[in-house]
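Asker: Handing you a structure now.
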Amino acid sequence: PPALEPATIETLRRVTEQGRHPVQVGFTVYSVTNIDPVSQTFACDLKLLLRWHDTFLAKDPDMVSMARSSCMANAPELVFERVGGYYPKHLVKEIEPAIAAVLQPRISFANAASVEEVASDLIVYLSPNDELGWVRAEQHFRGTFHQMMDLRAFPFDLQQLEIVLRLPQRTDMGREFTQFYNADGSPQTEVKDWVKLSEWERFEPHATAEVDSKGRARYAITLPMLRRHRFYVTNVMAIMSAICFLAFTAFGLPTEQLADRSSIVLTLLLTAVAFKLVIADSIPKVGYFTVMDHYMNGMFILLFTISIENGIGAAIYQIYPTIFEKHANQIDLCTFLTVLIMWGIFHVWFIHTCRRVRLESLKALHGALRVSDAAEKRHNADRNHGPAASSYSSAKEGAYFVRLAA
1301 PPALEPATIE TLRRVTEQGR HPVQVGFTVY SVTNIDPVSQ TFACDLKLLL RWHDTFLAKD
1361 PDMVSMARSS CMANAPELVF ERVGGYYPKH LVKEIEPAIA AVLQPRISFA NAASVEEVAS
1421 DLIVYLSPND ELGWVRAEQH FRGTFHQMMD LRAFPFDLQQ LEIVLRLPQR TDMGREFTQF
1481 YNADGSPQTE VKDWVKLSEW ERFEPHATAE VDSKGRARYA ITLPMLRRHR FYVTNVMAIM
1541 SAICFLAFTA FGLPTEQLAD RSSIVLTLLL TAVAFKLVIA DSIPKVGYFT VMDHYMNGMF
1601 ILLFTISIEN GIGAAIYQIY PTIFEKHANQ IDLCTFLTVL IMWGIFHVWF IHTCRRVRLE
1661 SLKALHGALR VSDAAEKRHN ADRNHGPAAS SYSSAKEGAY FVRLAA
């Protein structure tokens, strides 16, 4: 009978042995764009770093020679030195694509709308810094991912964007995801500070590795994104508040002048409606009330209240002119103060609600640093202790390659 292929033998070994074989995962996110609450999607450009053990490559002659003599088996005259206990990161042995295609885990994205792999960036290699048999791979993906977004706290909302990795193929049975850690013990969960977003603040990502109900490996990358609320507060809510506050000028006219009073209030009402139509594209279209919806509706209720008060005051003047003329100023002043106090109480409640929602969003970050702060922290660590201390760099970057023949 024909001999079994190495990949088949490796799969059978994993399935029959006790426990699960780890596939270590780390990632670098280059950019997150097109966060769309309407279509419930976002776009992401990321690179995955994988590390796993394979018995087929455990006796690779070059890696065995490096472990024994610090030189490649086919180039004994080139002796490499360790610096701080490690060989240079770019000293790796690239595996032939035909072999890599058989050995590497076949990752899929559970919540992907569409994903494209950048084939030119794929590399599978052995590193002399690893124990024998450990294989590394770097894969670059660009895709659009589905994400359910809760916008009830808009514009103070925090969105936890997720990218879910799986190992659904039968050839990956017996494998599980675990977190990849750098030399300093920190997890490789990085977001580059290259592409900044005008509407969102990006925070340090985190990831969880688990097994789903069908026993398949699952790895969820979470990207916290906190919306920048200042635009909506200063350019939407503040302007809406100013428009509606001008309705109090109607109390400066005598109560019996209903037409003039109503003209002021109705003009402001039409202005508020036109303003809301103008900003409609900036507000998410969802089937429930957001924090901003509560505020906008509260301002409309204020205009309706003043308009109704003007009508009631004019009606009372027509029914009881003698009594009203005697106490007109007191009645108008009491009505004005009542509505003004209601307006103030509403704003106190709304400010308290905004602070509470904002604090809840910040609390949900669990102390995560902003991406810019995290990048500066890594830069300082690299400057003080060298690049090996805080992060990995791609093996593609000026690497010394020895290709493993098929």
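Position one of the sequence shown corresponds to residue 1301 (my numbering), numbered consecutively onward.
All C-beta atoms, glycine included, are put in the ideal place defined by N, C-alpha and C.
Please name the residue or residues paired with D1421 in a DSSP beta bridge.
Answerer: To locate residue 1421, count along the sequence shown from 1; it is residue 121. In DSSP, D1421 forms no bridge with anything.
Asker: Tell me the rounded alpha-carbon separation between D1484 and L1659.
Answerer: The residue labelled residue 1484 in the question sits at position 184 within the sequence shown. The residue labelled residue 1659 in the question sits at position 359 within the sequence shown. When rounded, the distance between both Cα atoms is 32 angstroms.
Asker: Under 8 angstroms: do the segment 1489-1504 and the segment 1440-1447 share three or more Cβ pairs, one atom per stretch?
Answerer: Not touching, per the Cβ criterion.
Asker: So, with DSSP's three-state summary, where would you put V1511?
Answerer: Indexing the sequence shown from 1 puts residue 1511 at position 211. If DSSP states are grouped into helix, strand and coil, V1511 belongs with the strands.
Asker: Quickly, what does DSSP pair S1370 with across the bridge? List them, please.
Answerer: Locating residue 1370 in the sequence shown gives position 70, where the first residue counts as 1. In DSSP, S1370 forms no bridge with anything.
Asker: If you reduce the DSSP assignment to three classes, tell me which class G1474 lands in.
Answerer: Translated into positions along the sequence shown, residue 1474 becomes position 174. Reduced to three states, the DSSP call for G1474 is coil.
Asker: Which residue's Cα is closest to the Cα of K1514: F1604, R1466, K1576 and L1577?
Answerer: The sequence position of residue 1514 within the sequence shown is 214, counting from 1. Out of F1604, R1466, K1576 and L1577, R1466 has the C-alpha closest to the C-alpha of K1514.
Asker: Given a threshold of 16 other Cβ atoms within 10 Å of its Cβ, counted over all protein chains shown, does G1587 qualify as buried or as exposed?
Answerer: Taking the first residue of the sequence shown as position 1, residue 1587 is located at position 287. Exposed, by the Cβ-count rule.
Asker: Are C1654 and V1591 closer than 9 angstroms when you measure CB to CB?
Answerer: By 1-based counting over the sequence shown, the position of residue 1654 is 354. By 1-based counting over the sequence shown, the position of residue 1591 is 291. Against a cut-off of 9 angstroms, the Cβ pair of V1591 and C1654 comes out as a contact.
Asker: Quick check on DSSP: helix, strand or coil for K1347?
Answerer: If you number the sequence shown from 1, residue 1347 lands on position 47. Strand at K1347.
Asker: So, does the segment 1347-1362 touch the segment 1447-1462, judging by three or more C-beta pairs under 8 angstroms?
Answerer: The answer is no - the segment 1447-1462 does not touch the segment 1347-1362, with fewer than three Cβ pairs under 8 angstroms.
Asker: How many Å lie between C1371 and M1448 at the Cα?
Answerer: Numbered from its first residue, the sequence shown carries residue 1371 at position 71. Numbered from its first residue, the sequence shown carries residue 1448 at position 148. Cα to Cα, C1371 sits roughly 52 angstroms from M1448.
Asker: Pairs of beta-carbons, one from the segment 1318-1337 and one from the segment 1346-1356, closer than 8 angstroms: are there three or more?
Answerer: Segments in contact, yes.
Asker: Leaving out five residues on either side along the sequence, give the residues of the same chain with a beta carbon under 6 angstroms from the beta carbon of A1412.
Answerer: Within the sequence shown, numbered from 1, the residue matching residue 1412 stands at position 112. So the qualifying residues of the chain are G1443 and F1445.
Asker: Alpha carbon to alpha carbon, what distance is there between L1633 and E1676?
Answerer: Reading the sequence shown from its first residue, position 376 is the one you call residue 1676. Reading the sequence shown from its first residue, position 333 is the one you call residue 1633. Taking the straight line from one Cα to the other gives about 59 angstroms.
Asker: Taking the alpha-carbon positions, what's the L1669 to P1397 distance?
Answerer: Numbered from 1 along the sequence shown, position 369 holds the residue referred to as residue 1669. Numbered from 1 along the sequence shown, position 97 holds the residue referred to as residue 1397. Answer to the nearest angstrom: the Cα atoms are 38 angstroms apart.
Asker: Can you tell me which of the three DSSP states P1621 falls into?
Answerer: For this step, residue 1621 is matched to residue 321 along the sequence shown. Residue state, collapsed to three classes: helix.
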